Each structure stands twice: as C-alpha cells, then as structure tokens.
Amino acid sequence: MTIQETPSPPSLPEEVEEVPGREITLTVNGRPRRVRIEDRQLLVEVVRGQLGLIGTKVGCYNGDCGACTLQVDGEIRKSCLVLAASADGAELTTIEGVGGPDGALDEIQQAFWDNDAFQCGFCLPGHLFATRDLLDADDDPSEQDVRDALVGNLCRCTGYVNLVKAALDAAQRRRTTGTADRRSIEEEGPRPADACTLHRGPRP
Amino acid sequence: MIRTPLRYHRPRTPDEASALLVEHRGDVAVLGGGTQLLPQMNRDQVHVGHLVDLRGLGLRRIEVTDDQVVVEALVTYADVLLSRDLSRAAPHLRRVAHGVTGGRQIRNTGTLAGSACFAMPGSDMPAALVGIDAILRLHGPDGAREVRAADFYVDAFTTVLRPGEFVLAITIPRTAARTGYCKVKHSSGSWPIATATARRLDGSATVTLGSVHATPLHVDVSDLASNGPVDRAALADRVRSALPAPWTDVLAPGDYRARIAGVVAARAFSELEGVPA
Ligand SMILES: Cc1cc2nc3c(=O)[nH]c(=O)nc-3n(C[C@H](O)[C@H](O)[C@H](O)COP(=O)(O)OP(=O)(O)OC[C@H]3O[C@@H](n4cnc5c(N)ncnc54)[C@H](O)[C@@H]3O)c2cc1C
Ligand code: FES
Ligand code: FES
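If you're matching them up, the sequences are chains D and F in order. According to the working numbering, the first sequence holds residues 177 to 380 in order. According to the working numbering, the second sequence holds residues 70 to 346 in order.
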C-alpha cells in the first residue's frame, strides 16, 4: 500500500486580498453604536449578527415576508433589502426598541397579545411595524385599511383574521387613551396612510 | 449572505459615479433602492465585485414646474404617493405607484428609476413611463444625454444605458392629457401579468401595454376614437395584431397574456373615460 503524501497547501498569493469592509455608525434603539462590517453584508445580518438583536427575523431574503422589518430613519424597511454600508449614519429602531425599557408591551403589542394575533411570532416585526406605521397616520382605519397596510407581511401560523382584529383593537385603544397621533389628520393633502392603500383607487 | 467579495462605493458627484462605473466595467452595478438587485446578489444570480450607491448624490427630489415634473433617481414610490404637487402634475405616476405591492416597506425603498432600469417585462414602471412620454435623463462618462422612455428599452432586462451611464432623473412633460391604468395580477401581493396605460390628449389616443411583451408596447389608436370613446372591439383587434410575440414567464404563458391584453387596454380606457368596462 502506498501512502500518498499530503499535498502541501496551496501557497497564498503574495498579497492576501483583504475582505472589503468598514466601520459604520448607527443609532440603534436610541443608543449610538459603532460596528465593523463587511461591505457585502445586508443590514439584517449586521443587526442580528454584530448587534445581536435577533428579534429581527429572516424569512425569505427576498423582500416578500416582512419578518426582517425595522425602521431606518423613521421609515419602515425590510432590512434584507438594505446594504449595511448604505445605512451608515442611520437611526434604527428594531422590534426590541418598540416596547418600554422595562419590557412593558406598547398598546399595539398588548392588543396583539390579547387578541391571540400570533403563534410562533416570527412575522411580528413586520406586522407590528406595519400596524404602527398605519396607526401613526390614521387613528381610525377601516378593516380594509388594515388589510391593505398589512400586505407585504406573511404569517404562516394565523390566517390573518386575528391580526386584523388586533390592529383594529390597537387603534381603538390608542383613541381611548389619547395617544393617537392626530397630526396627519389636521394637515391637508395626501396622508401617510395613502401610501398604504392597495385595492381601492387613490383618495380624491 | 452575499457570498462573493464586494466593495461598496459612495461617490459624491455624478462624474465620480460614472468614473467608478467605467473603472469597474463588467464587474459593477448601480445601487438604487436595492429591492431587485440585493436579493439577486444574495441568490448569486448577479455577481459583481463593486456597487456604486447613488445615495451620496442626493437625488431624492421631486421638482414640479409649469411645464414638467422631475423625479430624481432615488425617489421612492412612497415619496411619489406623499407629494401633493406631483399628484396634481403627474397623476398617472401616483396611480401606478399606488398599486405596487410588497407593502409600505417596499414603497419606502424601491425607486421608480430602479424599476425603469431593471427593465423587467412583468413590472409596472417601464410601460407606464413610455405611456406618458417620460424622458430619462442620463449621466455618463461623456456627460449628460436624454432618452425618451419609448427609446430606452431594447429587450427584456436590457436598456440603451452604455457603460458608465446611469439615470439621474425621470422627467414627465406636463400636459392636459387624461390617463387611465389597468393591471391584472394573480393576487393582491403578486406581480403584474398585464398592464395598460391609456392616454388621450386633444385628438390623440394611445395605449401602452406592459408585461405582455419583452418591451413596453405602444399602440396608437387615435383613429378609433374619432367620435367619442375608443371603439372597444377595434381596440382589441388592434392590440392583438400589435402583439405577435407575447411575453411568457412563470406567472403566465404568452397566449394567456395575448388573450387578455385587449381587455386590459379597454379597461384602462374605461377608467380614463369614466365609463364602466
Ligand atoms: C416584495 C416586492 C414586491 C414588488 N412589487 C412590485 C410591483 O407590484 N410592481 C412592480 O413593478 N415592481 C414590484 N417590485 C419591484 C420593485 O418595483 C422594484 O424592485 C423597484 O422599484 C426597483 O427599484 P430599486 O431602486 O429597488 O432598484 P435596484 O434593486 O436598486 O436596482 C434594479 C436594477 O436597476 C439598476 N439601477 C437602479 N437604479 C439605477 C439608476 N439610477 N441608473 C442606472 N441603473 C440603475 C441596478 O443596477 C439594478 O440592475 C416588487 C419588489 C419586491 C421586493
Ligand atoms: S427576510 Fe426580508 S422580507 Fe423576508
Ligand atoms: S405567528 Fe408564526 S408566522 Fe406569524
């Protein structure tokens, strides 16, 4: 039997090419953070990996499911569609930043809890942020408004009925506790909620 | 995770952007909103070593003047939906942006210019832009030039953009034209199978179909509208004969698209004319 000699490892090229990367600054849930990233990393990978905020989920890496939703400079985004390097300097709110500092649930989270709006919870970043986005713009949405606003977020557990119920209940709670934001209603012109509608024509 | 090495660039001027695109020619892409490009890179369908992000150039303004509307390259669908001035000056853009799916998150991220440049047959923007006589303002190594949307599309996923060139803005002439839009899709969350932009201005009537052909299909039907509404039966015939090679993809075969194209065109005119389909 001949014993084959282990081939020597391929010699490294003279200059080992460095993985392109950089340091970026983010404000994450109100706290300034400096993170070392690779240029090829998606924001969701940095949030979950480097920042350890694993409440943000990955479902599809394709923009379809919404599980990776967070807020970038006040706008909700699917963080699998954002390159981390491109978000340098941004202010992020992740699902961890939604509740109170002591872990208390906000009104929307409480309404989701009370209405059995979820089972595994994987889709919650998308559904909670989309609901919040809607209610910040429109404190008294119709059921169709809610359905339109939740499009773009997939839930594999619930069948959506309780999600819609919970969002309407959250709106009701906000109106009764007076935390509803009426700003946009007093302004004339298109309202942020107009960017959420899908089935009917634009509001006149 | 994007598996191949990638270097990110954020140029500060259009010239710098073009220079980077030329320097890394063949191994570079422009990053707009990233909603098409990043998933493709993540799946290893597109592999480039360099991305040129337009963010450093600003380019998020909507400018409305007496004779045109300028929509810069990084303007998103949500920006369009929230602009009062644009809603008045270019209602068709608002109408189309309104039906883009994927939720508010996508409308906050995807840009009109990105969709225009991706030139995917099964999408809204390319044919909508052709239908309202939009013009693309390009920047390249030899400076700026303008191309009519109607001349921008060469084939599916292919435009006349030359190496080093990118879209700076989309301009839409302000006219008294009236427009209507119709889109057919499988479900609320899916991509278009057929779209139509109907347009009437003075004596002219045109329809521009999207998703039914490799490139937007512009059909003049002025002669079918000489006395009032566009003649629906003649419109269907005209559309069918203009469509010898309908587009096929996973959502629908070409013969289905050919069959519904006339109906979609008629519905777009019904919206425009305010009569039931
Ligand atoms: C869940 C989901 C739902 C969607 N629903 C719809 C829908 O209903 N209808 C529809 O039409 N589309 C839909 N889309 C597609 C969406 O419209 C486009 O993804 C978006 O507008 C593309 O713009 P972007 O800025 O994200 O492009 P990017 O992904 O940044 O770029 C797309 C391509 O264009 C190039 N590019 C981008 N900007 C420029 C520029 N200024 N100059 C030159 N080249 C450029 C890029 O290099 C790339 O090749 C959907 C996408 C997702 C993820
Ligand atoms: S993981 Fe981002 S949308 Fe599904
Ligand atoms: S609760 Fe499981 S996916 Fe929505």
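Backbone N, C-alpha and C fix where the C-beta goes; we use that ideal spot for every residue, glycine too. Keep in mind that this is a model prediction, so the values were computed, not measured.
Problem set entry | Buried versus exposed call for G279 of chain D [16 or more other C-beta atoms within 10 Å across all chains shown] | Under this definition G279 of chain D is an exposed residue.
Exercise. Is DSSP giving D84 of chain F helix, strand or coil here?
Worked result: Assignment of D84 of chain F by DSSP, reduced to helix, strand and coil, places it in the helix class.
Problem set entry | heavy atom of ligand 1 below 7 angstroms from Q105 of chain F C-beta | Q105 of chain F Cβ: within cutoff of ligand 1.
Exercise. How long is the line joining the alpha carbons of G276 of chain D and D282 of chain D, rounded to whole angstroms?
Worked result: So the alpha carbons of these two residues sit roughly 7 angstroms apart.
Exercise. Where does the unbroken beta strand (DSSP E) through G249 of chain F begin, and where does it stop?
Worked result: Its beta strand (DSSP E) spans residues 247-254.
For this session: Look at G273 of chain D and K254 of chain D and say whether their C-beta atoms are less than 8 angstroms apart.
Result: No; because the gap between Cβ atoms is not below 8 angstroms, this pair is not in contact.
Exercise. Per DSSP, what kind of secondary structure is D292 of chain F in: helix, strand or coil?
Worked result: D292 of chain F sits in a helix when the DSSP states are folded into three classes.
For this session: Determine contact between the region 289-306 of chain F and the region 204-215 of chain F, defined as no fewer than three beta-carbon pairs at a distance below 8 angstroms.
Result: Under the three-pair Cβ rule at 8 angstroms, the region 289-306 of chain F does not count as touching the region 204-215 of chain F.
Exercise. From E234 of chain F to L75 of chain F, what does the alpha carbon distance come to, in whole angstroms?
Worked result: Rounded to whole angstroms, E234 of chain F to L75 of chain F spans 20 angstroms at the Cα level.
Exercise. Is the distance from the Cβ of G279 of chain F to the Cβ of A219 of chain F below 8 angstroms?
Worked result: Not in contact: G279 of chain F and A219 of chain F (Cβ atoms no closer than 8 angstroms).
Exercise. Within 8 angstroms (strictly less), CB to CB, does P378 of chain D reach chain F?
Worked result: Caution is warranted here: a pLDDT of 44 is assigned to P378 of chain D, below 50, making its placement in the model unreliable, and the coordinate value is therefore given only provisionally. Yes, contact with chain F.
Exercise. So does T232 of chain D have its beta carbon nearer than 7 angstroms to some heavy atom of ligand 3?
Worked result: Because no heavy atom of ligand 3 lies under 7 angstroms away, the Cβ of T232 of chain D does not count as near it: no.
For this session: Just the C-alpha distance for L311 of chain D and V332 of chain F, rounded to the nearest angstrom, thanks.
Result: The C-alpha of V332 of chain F is placed about 38 angstroms away from the C-alpha of L311 of chain D.
Problem set entry | Spatial distance of L374 of chain D from P301 of chain D (CA atoms) | For L374 of chain D, the predicted structure reports a pLDDT of 42, less than 50, and the residue's modelled location is therefore unreliable. The matter cannot be settled from this model.
Exercise. If we call anything under 8 angstroms between Cβ atoms a contact, is R173 of chain F one with I252 of chain D?
Worked result: Contact flag set, yes.
Exercise. Got a sec, what are the start and stop residues for the beta strand (DSSP E) R253 of chain D sits in?
Worked result: From DSSP, the beta strand (DSSP E) with R253 of chain D extends over 251-254.
Problem set entry | Alpha-carbon to alpha-carbon, Y237 of chain D and G127 of chain F | Taking C-alpha positions only, G127 of chain F is separated from Y237 of chain D by approximately 27 angstroms.
Problem set entry | C-alpha distance - R359 of chain D paired with A337 of chain F, whole-angstrom precision | The predicted position of R359 of chain D is uncertain, since its pLDDT is 42 and thus under 50; a value taken from the coordinates is nonetheless stated next. Those two C-alpha atoms are separated by around 36 angstroms.
Exercise. Which of helix, strand or coil does DSSP assign to E340 of chain F?
Worked result: Helix, per DSSP.
For this session: Could you tell me if the beta carbon of C296 of chain D falls within a distance shorter than 7 angstroms of some heavy atom in ligand 3?
Result: Checking the 7 angstroms criterion, the Cβ of C296 of chain D is within range of a heavy atom belonging to ligand 3.
Exercise. Can you list the residues of chain F that Q251 of chain D reaches, using a CB-CB cut of under 7 angstroms?
Worked result: The sequence as given places Glu at residue 251 of chain D; Gln does not occur at that position. What E251 of chain D touches in chain F: N177.
Problem set entry | Short CB-CB distance (under 8 angstroms) between P196 of chain D and chain F | By this cut-off, P196 of chain D is an interface position.
Exercise. Are any of the Cβ atoms in chain D nearer than 8 angstroms to that of Q114 of chain F?
Worked result: Not one chain D Cβ lies under 8 angstroms of Q114 of chain F.
Exercise. For chain D, is any of its Cβ atoms less than 8 angstroms away from the one on Q174 of chain F?
Worked result: It does; some Cβ of chain D falls within 8 angstroms.
Exercise. Distance, Cα to Cα, G206 of chain D vs K233 of chain D?
Worked result: G206 of chain D and K233 of chain D: Cα-Cα distance of roughly 20 angstroms.
Exercise. At which residues does the beta strand (DSSP E) containing H12 of chain F begin and terminate?
Worked result: For chain F, the structure presents residues 70 to 346; residue 12 of chain F sits outside this window and is missing.
Problem set entry | chain F contacts from the region 262-278 of chain D (Cβ-Cβ distance under 7 angstroms) | Cβ contacts with chain F come from S262.
Problem set entry | Contact list for the region 229-263 of chain F against chain D, Cβ threshold 8 angstroms | So the close ones are S257, G258.
For this session: Decide if the region 290-310 of chain D is in contact with the region 320-339 of chain D; the criterion is three or more beta carbon pairs, one per stretch, under 8 angstroms apart.
Result: By the Cβ test, the region 290-310 of chain D is in contact with the region 320-339 of chain D, since at least three Cβ pairs between them sit closer than 8 angstroms.
Exercise. Residue range of the beta strand (DSSP E) that T245 of chain D falls in?
Worked result: Counting along the chain, the beta strand (DSSP E) containing T245 of chain D begins and ends at 245-248.
Exercise. Rounded to a whole number of angstroms, what is the C-alpha to C-alpha distance between Y222 of chain F and M70 of chain F?
Worked result: Y222 of chain F and M70 of chain F have their C-alpha atoms roughly 32 angstroms apart.
Exercise. Is H93 of chain F near G118 of chain F, with beta carbons less than 8 angstroms apart?
Worked result: Contact: yes.
Exercise. Quick one: is S259 of chain F buried, meaning 16 or more other Cβ sit within 10 Å of its Cβ, or exposed?
Worked result: Sixteen is the threshold: since fewer than 16 other Cβ atoms of the shown chains lie within 10 Å of the Cβ of S259 of chain F, the residue is exposed.
Exercise. If we cut at 8 angstroms on Cβ distances, does T104 of chain F have a partner in chain D?
Worked result: Judged by the 8 angstroms Cβ criterion, T104 of chain F is in contact with chain D.
Problem set entry | Cutoff 8 angstroms: A325 of chain D Cβ touching any chain F Cβ | At least one chain F Cβ lies under 8 angstroms of A325 of chain D.
Exercise. Does A306 of chain D come within less than 8 angstroms of chain F when only Cβ atoms are used?
Worked result: Nearest CB-CB separation between A306 of chain D and chain F: below the 8 angstroms threshold.
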